[in-house]
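**Q** The following block contains the structure, expressed as structure tokens.
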Amino acid sequence: MTEEINKTSHFIREAVAEDLASGRFSSIATRFPPEPNGYLHIGHARAIIIDFSIAEENGGFCNLRFDDTNPTKEDVEYVDAIKEDIRWLGYEWKNEFYASDYFDQLYEYAIELIKKGKAYVDEQTQDEVRKNRGSLTKPGVNSPYRDRPIEENLELFKAMKEGEFADGSVVLRTRIDMESGNMNMRDPVLYRILHNPPHHRTGDKWCIYPMYDFAHGQSDSIERITHSLCSLEYEDHRPLYEWFLEELGIFKTRQIEFARLGLTYTVMSKRRLVKLVKEGLVKGWDDPRMPTLTAYRRRGYTPEAIRAFVEATGVAKKNSTADVGLLEHHIRQDLNKRAERRMAVLDPLKVVITNYPEGQTEILEATNNPEDESAGTRQIPFSREFYIEKSDFSEDPPNKYFRLAPGREVRLRYGYFVTATDFVKDESGEVTEVHCTYDPETKGGYAPDGRKVRGTIHWISAEDAIDAEVRIYDRLFTVPNPMSAEEGKDFTDYLNADSLETVKGCKLEPGLKGARPGDRFQFERLGYFVVDPDTTDGNLIFNRTVTLRDTWARIEKARASEKMEENRRRKQEQKRKQKEAAKKAG
RNA sequence: AGGGGCAUGGUGCAACGGUUAGCACACCGGCCUUUGAAGCCGUUGAUCUUGGUUCGAAUCCAGGUGCCCCUGCCA
């Protein structure tokens, strides 16, 4: 790991330490409990990291448990994807469990509650159940079936299990308190009937399925999970879980809740991510613009960077949204240390050195990674014609522009000093070719006379260049919080139309020829890039992971907005004058 | 007759009754530079509000305000 992670204490770490100190628990066990109905996103990464690191730090273990209590929503497709993502993040679970492993046990628990007079079969319609639950400010009323004899409940529940009832016709509920201020305690449903589809693990063995609330706490208990770490919305459920554990007399897990973390310029809810995928607004779950882990992987993010980011955001009970810039900071930080440098020209402009011998090629040496001497050096060819970025030449350079311009001398990275002498334009006025002279004394980029140049630009020898496609990604949304849409608007109305730009005909140094999917590089002065799995023998494709910090771009942007502001003011002034003139005339 | 949670610079966290309220990112300066990168140095900027307890309150208590969650046979 090149990124050092500073672990700061937070209330969960403190609570766990206290529980150990007080003897409430003698060892620590946690679990990560996804439902296999979608792909993991960076919010899950946070939960995973908390679950696994709390166990790790205390010499305990963490289980992976799929909460698969609803066959209508779940699919094996997601099970494998979830496991792959967790491993990619760098964690290995002690046991792979499924809530469905406990269906027999859960069934017995339900019978136990019935026998204690704490559960009953309710024949009210779904509508009646809802109506009788009351509202946030009104107490609920008891079901007419609530006081049914225990024997009858036992028989009916058995009949439910045996398939004698249609979906939705009856449920098993627990008897707690229909007047509770906590809605979860108003006789919650324990079991419902679901004849189809078959369960991905238990097939058609069951036609009754436990509700999440009846499965989760007991599953934790069965696995002897000491600390069940979950998000804030389960705070209201904790009393219910504890009630079950108490009534059943089984191992008491401690649940601790923490806030989810949002990210700016994206959405995180499963529902919304599904919508983006299903409606083709992105190319799939692993579209590099998505906040899913599979997408970050394809985008070139490292698990280390994601972990460092998560650790940097901390853990609290306050709902918050982290700046995506912080995530970007961590991936730059990591890749700066580990990614080898290469040169690539994304938007080529041809340059000819008029005083360089035709047909000559020289081999120059370039440092692979100035941050890591062990990365060594490589050789790159140099010749009379080469490409530079269009943005690295300016016919009429603005203030503080350090790059190539008529009469200006710049350094070609690891090459020579060159001075632009002349340029060619097409009918539309676009510069198509630049002519320059070079100083043969400056090979490698050093001037023996000690003279300095302010700009250093990257380049690719024209005859040696290889072509590639580069996919440039920008934030998926145009606003920091797409969820808070105005009236009549939907989060998709804020999608960034320019979030993907596919650039073809990019020029790369020849050494990049053998690059394989997943290989990461820093293209000097541009950013970090990774080879995309769509790459074929004849078509090399890179994804831009993140740009380098770019002070010049910031200056340009500031100038542009200044200009806009000025124009706006000027227009207003004009309008004011026109009005005045009209007044006078009138 | 509602219940549960949360409030510290722009953002995310820390400070656990005693610190000039700290750190990271962002921002703004500067240094350095064969990447306008990285690195280094520095500046600006915060305790929701009103009371109370206390020698002393971001921290404890009460009221207020604001935000989030809860009325699935979803998880």
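Residue 0 is where the first sequence starts when you use numbering that gives the first Met the number 0, and the numbers rise one by one after that.
Ideal placement from N, C-alpha and C gives every residue a C-beta, glycine not left out.
In this structure, does DSSP put Lys503 in helix, strand or coil?
**A** Residue mapping note: residue 503 aligns to position 504 of the first sequence, counting from 1. Residue state, collapsed to three classes: strand.
**Q** With Asp42 as the anchor, note down where its alpha helix (DSSP H) starts and where it stops.
**A** Residue 42 sits at position 43 when you count from the first residue of the first sequence. A small fix is needed here, since residue 42 is Gly in this sequence, not Asp. Segment 41 to 56, the alpha helix (DSSP H) holding Gly42.
**Q** Just to confirm the assignment: which complete beta strand (DSSP E) runs, minimum length 3, are found wholly within the region 391 to 473?
**A** Counting whole runs of 3 or more residues, the region 391 to 473 contains the beta strand (DSSP E) stretches 408 to 411, 416 to 424, 430 to 438, 465 to 472.
**Q** Just how far apart, CA to CA, sit Arg553 and Glu500?
**A** On the first sequence, position 554 is the one that residue 553 refers to. On the first sequence, position 501 is the one that residue 500 refers to. Roughly 20 Å separates the two Cα atoms.
**Q** DSSP state of Ile175, grouped into three classes?
**A** Taking the first residue of the first sequence as position 1, residue 175 is located at position 176. Of the three classes helix, strand and coil, the one that applies to Ile175 here is coil, per DSSP.
**Q** Taking buried to mean at least 16 other C-beta atoms within 10 Å of its own C-beta, is Arg297 buried or exposed?
**A** Reading the first sequence from its first residue, position 298 is the one you call residue 297. That one is buried.
**Q** Compare the beta carbon distance of Phe381 and Leu363 with 8 Å and say whether it is the shorter of the two.
**A** Reading the first sequence from its first residue, position 382 is the one you call residue 381. Reading the first sequence from its first residue, position 364 is the one you call residue 363. Yes; because the gap between Cβ atoms is below 8 Å, this pair is in contact.
**Q** List the residues that DSSP assigns as beta-bridge partners of Val350.
**A** In the first sequence, the residue the question calls residue 350 occupies position 351. Partner(s): Phe385, Val433.
**Q** Hey, Ile175 and Trp242 are a contact pair by Cβ (cut 8 Å); roughly how many whole angstroms apart?
**A** By one-based count along the first sequence, residue 175 stands at place 176. By one-based count along the first sequence, residue 242 stands at place 243. Yes, Ile175 and Trp242 are in contact; Cβ-Cβ is about 7 Å, under 8 Å.
**Q** Looking only at its own chain, which residues have a Cβ that is under 7 Å from the Cβ of Asp166, when we skip the five neighbours before and after it?
**A** As a working note, residue 166 is residue 167 in the first sequence. Ile192, Leu193, His194.
**Q** For His236, which residues of its own chain have a beta-carbon under 7 Å away from its beta-carbon, when the five flanking residues on both sides are left out?
**A** Sequence index remark: in the first sequence, residue 236 carries index 237 (1-based). Excluding positions up to five away in sequence, the list reads Asn183, Asp212.
**Q** May I ask which residues mark the beginning and end of the beta strand (DSSP E) holding Leu228?
**A** By one-based count along the first sequence, residue 228 stands at place 229. Element bounds for Leu228: 226 to 230.
**Q** Can you find the residues in the same chain that come closer than 8 Å, C-beta to C-beta, to Ala338, ignoring five residues on each side of it along the sequence?
**A** Here residue 338 is taken as the residue at index 339 of the first sequence, counted from 1. Here the set comprises Asn368, Arg519, Phe520, Gln521, Tyr527.
**Q** Does the Cβ-Cβ distance between Leu547 and Leu525 come in under 8 Å?
**A** Within the first sequence, numbered from 1, the residue matching residue 547 stands at position 548. Within the first sequence, numbered from 1, the residue matching residue 525 stands at position 526. For Leu547 and Leu525, yes; Cβs fall inside 8 Å.
**Q** Hey, quick one: how far does the alpha helix (DSSP H) through Asn62 stretch, first residue to last?
**A** Taking the first residue of the first sequence as 1, we reach residue 62 at position 63. Taken as a continuous stretch (DSSP letters only), Asn62 belongs to no alpha helix (DSSP H), being part of the beta strand (DSSP E) at 60 to 65.
**Q** Determine the direct distance from the alpha carbon of Leu334 to that of Asp371, and round the result to whole angstroms.
**A** As a first step, residue 371 must be located in the first sequence, where it is residue number 372. As a first step, residue 334 must be located in the first sequence, where it is residue number 335. So the alpha carbons of these two residues sit roughly 11 Å apart.
**Q** Would you tell me roughly how many angstroms separate the C-alpha atoms of Lys130 and Leu171, rounded to the nearest one?
**A** Here residue 130 corresponds to residue number 131 of the first sequence, with the count starting at 1. Here residue 171 corresponds to residue number 172 of the first sequence, with the count starting at 1. So the alpha carbons of these two residues sit roughly 17 Å apart.
**Q** Tell me, which residues are paired with Phe96 by DSSP?
**A** Walking along the first sequence from the start, residue 96 turns up at place 97. Answer is Arg64.
**Q** Which class does Tyr527 belong to by DSSP, given the choice of helix, strand or coil?
**A** Residue numbering aside, residue 527 sits at position 528 when the first sequence is read from its first letter. In this structure, Tyr527 counts as strand in the three-state DSSP scheme.
**Q** How big is the Cα-Cα spacing for Thr360 and Asp438?
**A** Taking the first residue of the first sequence as position 1, residue 360 is located at position 361. Taking the first residue of the first sequence as position 1, residue 438 is located at position 439. Cα to Cα, the separation comes out at about 16 Å.
**Q** Residue range of the alpha helix (DSSP H) that Asn152 falls in?
**A** What you label residue 152 is simply residue 153 of the first sequence in a count that begins at 1. First-last of the alpha helix (DSSP H) with Asn152: 149 to 160.
**Q** Report the CB separation of Ile379 from Val344 in whole angstroms; it is logged as a contact under 8 Å.
**A** Position 380 of the first sequence, counted from the start, is the residue given in the question as residue 379. Position 345 of the first sequence, counted from the start, is the residue given in the question as residue 344. About 13 Å; that fails the 8 Å criterion.
**Q** Buried or exposed: where does Pro481 fall if 16 or more other Cβ atoms within 10 Å of its Cβ makes it buried?
**A** Within the first sequence, numbered from 1, the residue matching residue 481 stands at position 482. Answer is buried; the Cβ neighbour count reaches 16.
**Q** Met0 to Glu303, Cα distance in whole Å?
**A** Here the question's residue 0 lines up with position 1 in the first sequence. Here the question's residue 303 lines up with position 304 in the first sequence. Interpretation of Met0 is limited by its pLDDT of 35, a score under 50 that renders its predicted location unreliable; no figure is taken from the coordinates.
**Q** Just to confirm, are Ile224 and Gln104 a CB contact at a threshold of 8 Å?
**A** Within the first sequence, numbered from 1, the residue matching residue 224 stands at position 225. Within the first sequence, numbered from 1, the residue matching residue 104 stands at position 105. No, these two residues do not count as a Cβ contact at 8 Å.
**Q** Alpha carbon to alpha carbon, how far is His40 from Ile81?
**A** Locating residue 40 in the first sequence gives position 41, counting from the first residue. Locating residue 81 in the first sequence gives position 82, counting from the first residue. Their Cα atoms are separated by approximately 10 Å.
**Q** Quick one: is Asp186 buried, meaning 16 or more other Cβ sit within 10 Å of its Cβ, or exposed?
**A** Position 187 of the first sequence holds residue 186. The residue is buried, with at least 16 neighbouring Cβ atoms inside 10 Å.
**Q** Quick check on Glu245: buried or exposed, where buried means 16 or more other Cβ atoms within 10 Å of its Cβ?
**A** Taking the first residue of the first sequence as position 1, residue 245 is located at position 246. Looking at its Cβ environment, which holds fewer than 16 other Cβ atoms inside 10 Å, Glu245 is exposed.
**Q** Taking all protein chains shown into account, do 16 or more other C-beta atoms lie within 10 angstroms of the C-beta of Met563, making it buried, or fewer, making it exposed?
**A** Mapped onto the first sequence, residue 563 falls at position 564. Exposed is the call here.
**Q** Give the DSSP bridge partners of Val75, in chain order.
**A** By one-based count along the first sequence, residue 75 stands at place 76. Paired residue(s): none; Val75 is not in a bridge.
**Q** First and last residue of the beta strand (DSSP E) that includes Ala321?
**A** Residue 321 sits at position 322 when you count from the first residue of the first sequence. First-last of the beta strand (DSSP E) with Ala321: 319 to 321.
**Q** Under 6 Å Cβ to Cβ from Asp89, same chain only, skipping five residues before and after it: list those, please.
**A** Residue numbering aside, residue 89 sits at position 90 when the first sequence is read from its first letter. Per the sequence shown, the amino acid found at residue 89 is Gly instead of Asp. Counting only Cβ-Cβ distances below 6 Å, and skipping sequence neighbours, we find Pro302.
**Q** If you draw a straight line from the C-alpha of His329 to the C-alpha of Ala16, how long is it?
**A** Sequence index remark: in the first sequence, residue 329 carries index 330 (1-based). Sequence index remark: in the first sequence, residue 16 carries index 17 (1-based). Roughly 29 Å separates the two Cα atoms.
**Q** From the DSSP output, in three-state form, read off Arg569 for me.
**A** Residue numbering aside, residue 569 sits at position 570 when the first sequence is read from its first letter. Arg569: helix per DSSP, three-state reduction.
**Q** Would you identify the three-state DSSP class for Tyr108, choosing helix, strand or coil?
**A** Taking the first sequence and counting its residues from 1, one reaches residue 108 at position 109. Helix at Tyr108.
**Q** With a threshold of 16 other CB atoms inside 10 Å of the CB of Gly216, please say whether the residue is buried or exposed.
**A** Taking the first sequence and counting its residues from 1, one reaches residue 216 at position 217. Buried.
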